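Here is the structure we will look at.
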Amino acid sequence: MASGKLNISCLEAVNFIDRKHTSGLNIREKLALRIHKGICKYCLRYDRQQEWINEALNRLNDQNVDTSELEDLKKKIKEAILHN
Ligand SMILES: [Zn+2]
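Numbering (our numbering), first residue to last: -5 to 78.
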C-alpha cells in the first residue's frame, strides 16, 4: 500500500480545503480531509465558509462587482483557524 497518512494537522486540512476548490484532491486526500473534519469543528466550519464564499465570489464575478472584501474575509478566516 502506498504511503500517506490519514491523520492530518489543521494546517494540512486547510491546504486541502483550499486545493479542493482549485486543482482538486486525490482520493486519499479527500478521505484524510473527511476524517479530519469529523474530529475538528474548526476545519469543518472553514470548509463550509469556503463553500459559501466561493459561491458568493462566483455570483459576484458574473456581475463585475468588486470582490476584494470577500477575498480579505477568506484570508481572515484562514488566519483565525491557523492560530487556534
Ligand atoms: Zn482542523
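In this text, a Cβ means the ideal position worked out from N, Cα and C, and glycines have one as well. Because the structure is a prediction, the values reported are computed rather than measured.
Anyone know if the C-beta pair for residue i and residue j falls short of 8 Å?
{"i": "I29", "j": "L0", "result": "yes"}
{"i": "L51", "j": "L64", "result": "yes"}
{"i": "I11", "j": "L27", "result": "yes"}
{"i": "Q43", "j": "I71", "result": "yes"}
Should residue i be listed as close to ligand 1, given that the test is whether its C-beta is under 7 Å from any heavy atom?
{"i": "H30", "result": "yes"}
{"i": "A7", "result": "yes"}
For residue i, is the classification buried or exposed, using 16 other Cβ atoms within 10 angstroms of its Cβ as the cut-off for buried?
{"i": "A7", "result": "buried"}
{"i": "K69", "result": "exposed"}
{"i": "I75", "result": "buried"}
Runs of alpha helix (DSSP H) wholly within the stretch 19 to 54 (minimum 4 residues, chain order): 21 to 33
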